[in-house]
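Going by my numbering, 175 is the number at position 163 of the sequence shown; the sequence numbering is gapless. Note that the Cβ used here is the ideal one computed from N, Cα and C, for glycine as well. In this text the structure is predicted, and so the values were computed from the model without any measurement.
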Amino acid sequence: MSQRGVSAKSEPATQAELQAAMEKYEFGAAWLPIMLLLPPLVFYMWICMTQNQGAFLVPTSMAELTKLLSLVPGPTLASTLFVALWLGGQALLQIYAPGEWVEGTPLADGSRLSYKMNGWFSFWMTLLTLFFCCWMGWISPTFLFDEMGPIISTTTLFCYGLSLYLYQKGKASSDKHMTGRVMYDYFMGTQLNPRVGRFDFKLFCEARPGLILWVLINFSVAAKQWQLHHTVSTPMMLVCLFQFFYIMDYFFHEEAILTTWDIKHERFGWMLCFGDLVWVPFTYSLQAQYLLAHPGELPTWAVLGIIALNLAGYAVFRGTNIQKHHFSRNPDHLIWGKPASFIRTARGTKLLASGFWGLARHLNYCGDLMMALAWCLTAGVSNVLPYFYIIYFTILLIHRERRDDALCHAKYGADWEEYRRQVPSRIFPGIY
């Protein structure tokens with residue numbers, strides 16, 4: 013093992029300083045437009061996909077706007093039953109499915125929470141159960157596509173209700189964090205790790221219902237394409253395969269979620285709740301929704317290029333995260349066949365500065381964006397809407413990297429400045 017020199021050491025930041033650094037890059041007054049605009053945006057993109065073959069619908073009169081608004085569905089009995097059974101079933105799997113208990117990263121007081129890692133079992137149990145139900149004819153394979161609008165409505169209403177519960181629960185807890193601005197606290201959350209017993213709401217919503225539903229929506233859309241066109245196009249198969257593998261890999265390495273930004277730093281309120289349960293499954297599946305109405309094929313060279321881009325992105329994304337995970341568990345673990353190079357901070361922690369982490373401070377984001385671009389490219393270049401994911405995701409990850417950088421600078425001081433000097437790139441080596 014080697015340790016690079018550090019020119020200066022800084023005193024550990026206080027908790028107040030760390031919180032100030034996080035809030036510097038939080039959402040400020042943006043919480044209001046986010047809460048007002050994101051739910052309608054999800055419906056708008058769904059309407060564009062189902063009513064206009066994935067092209068933008070731009071109303072030019074009040075009558076056209078009224079017609080557009082009339083396409084927003086309310087909850088139905090079927091959607092309500094599905095959401096209740098879906099969330100309830102996933103919660104029961106989280107609680108009772110077999111899995112190893114793993115300790116998370118240290119909290120501010122030095123303690124660690126235990127998390128049950130049974131996502132791999134739950135993922136396959138869910139898929140096999142639902143495929144069996146479809147094979148037996150108990151559930152239509154196209155149900156999720158056919159009922160997608162009402163399911164969006166029902167899940168959105170559930171998110172507002174759950175967020176209110178979490179807000180009230182946080183107010184009564186001893187570990188609450190509140191700014192005193194009611195709606196902002198509702199939006200951001202009042203607790204870092206809201207729990208009932210050992211059931212962790214944030215881990216559950218981050219890791220289970222939305223991600224698995226994303227995969228199932230893709231499969232349902234593919235089934236609809238077969239029903240309508242008697243074929244499943246190569247681009248549709250690529251999107252379903254890429255995103256299925258992405259989620260399968262996520263659950264195979266589920267323990268790595270415990271070192272992510274959301275679990276370590278983000279309070280759990282409306283923002284994450286809506287993002288996990290609505291935004292992820294219904295907007296991340298836009299490519300499949302678009303391809304339903306565009307069953308055409310891509311040239312062979314394009315297919316091969318998209319596959320290569322996705323594989324390269326996965327190698328960077330997973331390799332980066334695995335290096336960090338192994339280093340956090342065992343600093344003696346070799347990286348690319350050599351002892352890890354790191355900076356020992358005044359806080360006693362170590363900043364990895366070799367392997368992928370010597371190329372950029374968040375090269376995992378670069379890999380994620382490479383895969384995102386590959387998924388979008390399956391839709392061709394005729395319309396912009398299928399590329400919403402890569403546009404949004406780029407903005408999200410740049411903003412998240414800035415928040416992380418501000419927090420780390422407040423936390424490590426001169427040590428972080430030395431790390432910046434040794435690893436100057438943020439996400440894209442030599443570019444940004």
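If you draw a straight line from the alpha carbon of Cys420 to that of Trp428, how long is it in whole angstroms?
Each residue's alpha carbon lies about 7 Å from the other.
For His241, which residues of its own chain have a beta-carbon under 7 Å away from its beta-carbon, when the five flanking residues on both sides are left out?
If we look at His241 and ignore the five residues flanking it on each side, its Cβ neighbours are Pro307.
Quick test of the definition: if touching needs 3 or more C-beta pairs under 8 Å, does the region 375-384 touch the region 326-333?
Segments in contact, yes.
Would you mind stating whether Leu397 and Tyr302 have Cβ atoms separated by less than 8 Å?
Going by C-beta atoms, Leu397 is nearer than 8 Å to Tyr302.
Which residue marks the beginning of the beta strand (DSSP E) containing Met129, and which one marks its end?
Residues 126-129.
Could you check where the alpha helix (DSSP H) with Ile46 kicks off and where it finishes?
Element bounds for Ile46: 43-63.
Tell me the rounded alpha-carbon separation between Phe143 and Ala75.
Each residue's alpha carbon lies about 43 Å from the other.
What residue range does the beta strand (DSSP E) around Leu363 cover?
From DSSP, the beta strand (DSSP E) with Leu363 extends over 362-364.
Do you know whose CA, among Asp417, Thr406, Ile439, lies nearest Glu430's CA?
Taking only the C-alpha atoms, the option nearest Glu430 is Asp417.
Beta-carbon within less than 7 Å of Phe216's beta-carbon, same chain only, minus the 5 sequence neighbours each way: which residues are those?
Counting only Cβ-Cβ distances below 7 Å, and skipping sequence neighbours, we find Ala103, Gln106.
Please report how far the alpha carbon of Cys252 lies from the alpha carbon of Ile229, in whole angstroms.
Distance between the alpha carbons of Cys252 and Ile229 is about 9 Å.
With a threshold of 7 Å on Cβ separation, who are the neighbours of Leu321 within its own chain once the five nearest residues in sequence on each side are excluded?
So the list reads Met382, Leu385, Ala386, once near-sequence residues are dropped.
Short of 8 Å in beta carbon distance, which residues of its chain neighbour Gln434, apart from the five on each side in sequence? Order them along the chain.
Hits under 8 Å: Arg16, Ile355, Ala365, Gly370.
Is the region 278-287 close to the region 198-210, with three or more CB pairs under 8 Å?
Yes, since at least three Cβ pairs between the region 278-287 and the region 198-210 fall closer than 8 Å, the two stretches touch.
Val290 lies in the alpha helix (DSSP H); which residues open and close that run?
Neither: Val290 is in no alpha helix (DSSP H) and is coded neither H nor E.
Between which two residues does the alpha helix (DSSP H) holding Glu430 run?
Its alpha helix (DSSP H) spans residues 426-434.
Give a yes or no on contact between the region 83-94 and the region 160-172, applying the rule of three or more CB pairs nearer than 8 Å.
These segments touch.
Determine the DSSP secondary structure at Val18, reduced to helix, strand or coil.
The predicted position of Val18 is uncertain, since its pLDDT is 41 and thus under 50; a value taken from the coordinates is nonetheless stated next. Three-state DSSP puts Val18 in coil, outside helix and strand.
From the DSSP output, in three-state form, read off Phe280 for me.
Three-state DSSP puts Phe280 in coil, outside helix and strand.
Quick check: what's the CA-CA separation for Phe448 versus Gly131?
In the structure as shown, the chain begins at 13 and stops at 444. Residue 448 is therefore absent and cannot be evaluated.
What number of angstroms, rounded off, separates the C-alpha of Leu304 from the C-alpha of Phe294?
Rounded to whole angstroms, Leu304 to Phe294 spans 15 Å at the Cα level.
If you follow the beta strand (DSSP E) that Ser353 is in, where does it begin and where does it stop?
Per DSSP, Ser353 belongs to the beta strand (DSSP E) from 353-356.
Using DSSP with H/G/I as helix, E/B as strand and the rest coil, what is Ile151?
Correct three-state label for Ile151: coil.
Determine the direct distance from the alpha carbon of Ile319 to that of Gly101, and round the result to whole angstroms.
Their Cα atoms are separated by approximately 34 Å.
Check the DSSP bridge columns for Glu267 and list the partner residues they point to.
In the DSSP output, where bridge partners are listed per residue, Glu267 has none listed.
Mind checking who Phe211 pairs with in its DSSP beta bridge?
Val208, per the DSSP bridge assignment.
Can you name the start and end residues of the alpha helix (DSSP H) that Trp98 belongs to?
89-108 is the span of the alpha helix (DSSP H), which, as asked, contains Trp98.
Along the chain, where does the alpha helix (DSSP H) containing Glu76 start, and where does it finish?
Its alpha helix (DSSP H) spans residues 74-82.
Roughly how many angstroms lie between the CA atoms of Arg193 and Gly173, to the nearest whole one?
Each residue's alpha carbon lies about 19 Å from the other.
Given this structure, state the Cα-to-Cα distance separating Ile443 from Arg373, to the nearest angstrom.
Between Ile443 and Arg373, the C-alpha separation is close to 12 Å.
Select from Asp274, Val233, Arg330, Trp348 the residue whose C-alpha is nearest the C-alpha of Arg415.
Selected option, being the one with the closest Cα: Asp274.
Mapping DSSP to helix, strand and coil, what is Lys350?
It is a strand residue.
Which residues share a DSSP beta bridge with Glu488?
With the chain running from 13 to 444 in the structure shown, residue 488 is simply not present.
Given that a residue counts as buried once 16 or more other Cβ atoms are within 10 Å of its Cβ, and exposed if not, what is Arg220?
By the 10 Å Cβ count, Arg220 comes out buried.
If we ignore side chains and look at the alpha-carbon of each, how far apart do Pro351 and Gln335 end up?
Approximately 12 Å, taken between the alpha carbons.
Might you give, ordered along the chain, the residues of its own chain that have their beta carbon closer than 6 Å to the beta carbon of Ala109, omitting 5 neighbours on each side?
Once the five neighbours on either side are set aside, the close Cβ partners of Ala109 are Asn130, Phe133, Ser134.
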